[in-house]
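Engineer: Sharing a structure below in structure tokens format, with a few things to ask.
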Amino acid sequence: MLGQPLGVGQGNNPTCQSARALSMWAYNDPDYLLQMVAWAVRDNEIIMHFEGQPVSSATSAGGVAAAVTLDLDPVSLVVVPHLDRIYAEMGRLCAGREGDPHRWVNPEFHGWAAGRGFAINVDVATGQLVDLETFIRHFYASYHPFYNGNQPLIHPQPAGVAVTDSAARFIGWHAITILRAALDPDGQMRVYFFNPNNDSGQNWGDGVQVSTSGNGERFGESSLPFGQFTSRLYIYHFDPLERGEPADVCEEELQQVIALVHRSWGKDRVPADSLQAQPPAGE
């Protein structure tokens, strides 16, 4: 796992958050990962902290997965059951807070390298799209080298995508890791990311075909053109101290991304007031 951090998979388990965390730690914090293994094997318990409060896998009320299947690597078999319970417990500690719990859970769970800035384009209470244009502009300003002063992504960042099928119909929310944004061999800007679901080369519909080779991918990476990736993104983290200028994003590309959202997972999530016809120019 330490040598192939992008080879981690969740198997047939709803544990993408835990698989993502193992991958991130193998990538940038291997000593912490080894300590996790030692705790799990020696104590049959892992204790993490959420906003200063200890969270134990042994006392958690339960995780997302009722049981973990055996189609996993040895490290995941040992550690994931503990991480799954801790992640769920952190979510329960956010009960009653306004907004999406990932805002608080992801940085506490994944560690110091996860950005404390948080953006989401879905209203948790209604499931409707909210502030989509701002969300897109800010993502470009934070991650796109042409809009962020050509700043590379130093540490992999947790993110959430709305997975769609080959007909662009919504399937569900999924945890991934944004690894980098760079030009591919053809000069197209792409987002390279880690997908823990063991099936990275997916057709997400409406021309959005996830690539795993031939477009500048390193071993274990998936990629999409920047705009297409943004159209399936619903959560991302960023460094609030490093922000580009959202207003500089190309209007044509912005509208293309919005259209991709509206034709796919956002089709039934467009607020009613956004569907009103615009008055003719001059009125």
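Heads up: the sequence shown at position 273 corresponds to 273 in the working numbering, and the numbers run straight through without jumps. Cβ coordinates follow ideal geometry from the N, Cα and C atoms, glycine included.
For Gly172, which option in Pro14, Leu224, Val8, Leu2 has the closest C-alpha, if you only look at C-alpha atoms?
Structural biologist: Pro14
Engineer: Locate the alpha helix (DSSP H) running through Phe229, then write down its first and last residues.
Structural biologist: 226–232 is the extent of the alpha helix (DSSP H) around Phe229.
Engineer: On the three-state DSSP scale, how would you describe Asn28?
Structural biologist: helix
Engineer: Can you list the beta strand (DSSP E) stretches of 3 or more residues lying completely in the segment 169–202, in chain order?
Structural biologist: 170–183, 189–194
Engineer: Pick helix, strand or coil for Ala119, following the three-state DSSP scheme.
Structural biologist: strand
Engineer: So, with DSSP's three-state summary, where would you put His49?
Structural biologist: strand
Engineer: Measuring only the C-alpha atoms, how far is Met48 from Pro5?
Structural biologist: 21 angstroms
Engineer: Bridge partners for Val257 per DSSP, in chain order?
Structural biologist: According to DSSP, Val257 bridges with nothing at all.
Engineer: Check Gly160 in the structure and name its three-state DSSP category.
Structural biologist: strand
Engineer: If you draw a straight line from the C-alpha of His155 to the C-alpha of Asp268, how long is it?
Structural biologist: 34 angstroms
Engineer: In angstroms, rounded to a whole number, what distance separates the CA positions of Ser264 and Val41?
Structural biologist: 44 angstroms
Engineer: Which of the three DSSP states, helix, strand or coil, is assigned to Gly82?
Structural biologist: Note on residue identity: the sequence assigns His, not Gly, to residue 82. Helix at His82.
Engineer: In whole angstroms, what is the alpha-carbon distance linking Leu132 and Gln17?
Structural biologist: 24 angstroms
Engineer: Please report how far the alpha carbon of Val130 lies from the alpha carbon of Asp43, in whole angstroms.
Structural biologist: Their backbone Cα atoms lie some 44 angstroms apart in a straight line.
Engineer: Of the residues His110, Asn121, Val208, which one's Cα is nearest the Cα of Asp100?
Structural biologist: Asn121
Engineer: By a C-beta neighbour count over all protein chains shown, 10 Å radius and 16 as the cutoff for buried, is Thr59 buried or exposed?
Structural biologist: exposed
Engineer: Distance check for Glu242 and Thr212, CA to CA, integer angstroms please.
Structural biologist: 29 angstroms
Engineer: Determine the contact status of Ala19 and Val8, defining contact as a CB-CB distance below 8 angstroms.
Structural biologist: yes
Engineer: Is Ser211 helix, strand or coil by DSSP?
Structural biologist: Of the three classes helix, strand and coil, the one that applies to Ser211 here is strand, per DSSP.
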